[in-house]
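Trainee: Protein chains in written order, with this note's numbering: chain A, 2 to 250; chain B, 49 to 273.
Please read through the structure below; I'll follow up with questions.
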């Protein structure tokens, strides 16, 4: 075989809470291959670089086109999606680690449930009407529609939280993705009805005031969502809400 | 009045931390550096300003209420914030992430510097009971001595640069977290303006240090008429 081999250093963990360890694997270097295809190659015959037969490396993936967020992991020290990480563009040897801010399930799989719990806390949805017809809803301006479109691209992948110096495995911080959803739904003419609930939900421990403005979230966001703009806007909305609370509550 | 919840207290404390950094502490820093820079104009205007401040009625009450209590609160909250930060600038090398780390570092540095600064100026002044017109010659004598050694110059340079950086970067942080600067452009332009303010304050402070170093002139107490 004339094919060059590619070395992958993978951080592995057998069960939740178990100690992590590193293993090295060699796979054939195929042009345009992504990290997922390398992992599939390992799965065919999981043998480490020194010839030891081991359990296959597990990982999460779904859409393979950077819209679902499930294959998010730390590649060469930087959080990103494995599906769009092409081996040709990566420094060798390639290191793969699970995200460090979420509990590891096994190997490269993590539990991102906290993100979905946070969305529930801030009511990141538009309440539905009854089954009866109550006529047309309010009109949204095209400018707001355009703004919301970019924000709505969030796939809850967790990159912004993994890279955030304020977000840790065991604190209460809600994080950029959640604040962005608050802004998204507060900008919706019908979603706006729950605006105060959402703002009050981010005005506590782990809320908007905990943001340290390191702005790494916006740098690592794979969807280029203006997260720092969303954070500052929620900062403004909560400031007004706080003043309103002082005088009306 | 209903008892505030734990979440409300948390929000209030962090917002107060942010606010006290601007007023009164930031405002005091600006006034302090501006007044001290009178030293570059001459010893007499400088002494006059110290006389004016030290003859204020209820000076100690004003200092405790508007400087020491807010400063202590801002410091305690600052160390709480530092404790909860997990800096990662070595991994994610972006300018704003570097400033985030520096903001925390400079805050701690300023805290240590202030212990030294208060220890060599205000503490002996109160201890020896140098009030009113007696304060100026006493303090100027101390400062003339402090700026003659390289150690003194180094300590004050680190202290002043840390304080002006912490204040100007903190102004930006305040404007973002209170929602004054929202858009990407607004935040960038704000950063440029605040950097200019920080630079101006640093020049002001360092010019004062240089003047003290080059012309240590002792003064007599102003004679009250």
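Just so you know, even glycine gets a beta-carbon here, dropped at the ideal spot from N, CA and C.
Small disclaimer: the values here were computed from a predicted structure and weren't measured.
Using only alpha-carbon positions, find the residue among 184/B, 127/B, 250/B that is nearest to residue 276/B.
Mentor: A question about residue 276/B goes unanswered here, because the residues of chain B that appear run from 49 up to 273.
Trainee: Mind pulling the chain A residues with CB within less than 7 Å of residue 135/B?
Mentor: The contacting residues are 166.
Trainee: Can you tell me the Cβ-Cβ gap for residue 74/A and residue 97/A, rounded? I've got them flagged as a contact below 8 Å.
Mentor: Sure, about 6 Å apart at Cβ, within 8 Å.
Trainee: Can a CB atom of chain A be found closer than 9 Å to the CB of residue 51/B?
Mentor: Judged by the 9 Å Cβ criterion, residue 51/B is not in contact with chain A.
Trainee: Output, in chain order, the set of chain B residues within a Cβ distance shorter than 7 Å of residue 149/A.
Mentor: Going along chain B, no residue has its Cβ under 7 Å from residue 149/A, so there is no contact; the nearest lies around 16 Å.
Trainee: So the candidates are 77/A, 63/A, 72/A, 26/A; which of them puts its Cα closest to the Cα of residue 52/A?
Mentor: Of the listed residues, the one whose Cα sits closest to residue 52/A is 26/A.
Trainee: Is residue 74/B close to chain A, meaning its C-beta is less than 9 Å from at least one C-beta of that chain?
Mentor: No, because no Cβ of chain A sits closer than 9 Å to the Cβ of residue 74/B.
Trainee: In whole angstroms, what is the alpha-carbon distance linking residue 156/B and residue 212/B?
Mentor: Those two C-alpha atoms are separated by around 13 Å.
Trainee: Report yes or no: is there a C-beta of chain A within less than 9 Å of the C-beta of residue 229/B?
Mentor: Taking Cβ atoms only, chain A reaches closer than 9 Å to residue 229/B, which makes this a yes.
Trainee: Mind checking who residue 27/A pairs with in its DSSP beta bridge?
Mentor: Answer is 8/A.
Trainee: Let me know the secondary structure DSSP gives residue 244/A once reduced to three states.
Mentor: Three-state DSSP puts residue 244/A in a helix.
Trainee: Checking contacts by CB at 9 Å: is residue 149/B closer than that to chain A?
Mentor: Yes, residue 149/B counts as interfacial toward chain A.
Trainee: Need the endpoints of the alpha helix (DSSP H) that residue 156/A sits in, please.
Mentor: First-last for residue 156/A: undefined, no H or E at that position.
Trainee: Pull up the CB-CB distance for residue 139/B and residue 259/B, whole angstroms please, since I reckon it's below 8 Å.
Mentor: Not quite, the Cβ-Cβ distance comes to about 44 Å (not below 8 Å), so this is no contact.
Trainee: Please list the partners that residue 234/A has in chain B, where partner means a Cβ-to-Cβ separation under 8 Å.
Mentor: Those within 8 Å of residue 234/A in chain B are 227, 230.
Trainee: Tell me the rounded alpha-carbon separation between residue 173/A and residue 115/B.
Mentor: Cα-Cα distance, rounded: 32 Å.
Trainee: Which bits of chain A does residue 62/B rub up against, with CB to CB less than 8 Å?
Mentor: Result: 210, 211.
Trainee: Less than 9 Å between CB atoms is the rule here; does residue 216/A satisfy it with respect to chain B?
Mentor: Interface residue, yes.
Trainee: Could you have a look at residue 268/B and say whether DSSP puts it in helix, strand or coil?
Mentor: The answer is coil: DSSP assigns residue 268/B none of H, G, I, E or B.
Trainee: Could you name the residues of chain A that residue 221/B contacts, counting a contact when the two beta carbons are closer than 9 Å?
Mentor: In chain order: 213, 214.
Trainee: Does the beta carbon of residue 249/A come closer than 9 Å to any beta carbon on chain B?
Mentor: Judged by the 9 Å Cβ criterion, residue 249/A is not in contact with chain B.
Trainee: What residues are listed by DSSP as bridge partners for residue 228/B?
Mentor: DSSP lists no partner for residue 228/B.
Trainee: Among 238/B, 231/B, 244/B, 217/B, which has the Cα closest to the Cα of residue 74/B?
Mentor: Closest by alpha carbon: 217/B.
Trainee: What does a CB cutoff of less than 6 Å around residue 218/A pick up in its chain, not counting 5 residues either side in sequence?
Mentor: Cβ neighbours of residue 218/A beyond the five flanking positions: 161, 165, 177, 228.
Trainee: Looking at the structure shown, is residue 73/A part of a helix, part of a strand, or coil, going by DSSP?
Mentor: If DSSP states are grouped into helix, strand and coil, residue 73/A belongs with the strands.
Trainee: Tell me the rounded alpha-carbon separation between residue 271/B and residue 202/B.
Mentor: Those two C-alpha atoms are separated by around 35 Å.
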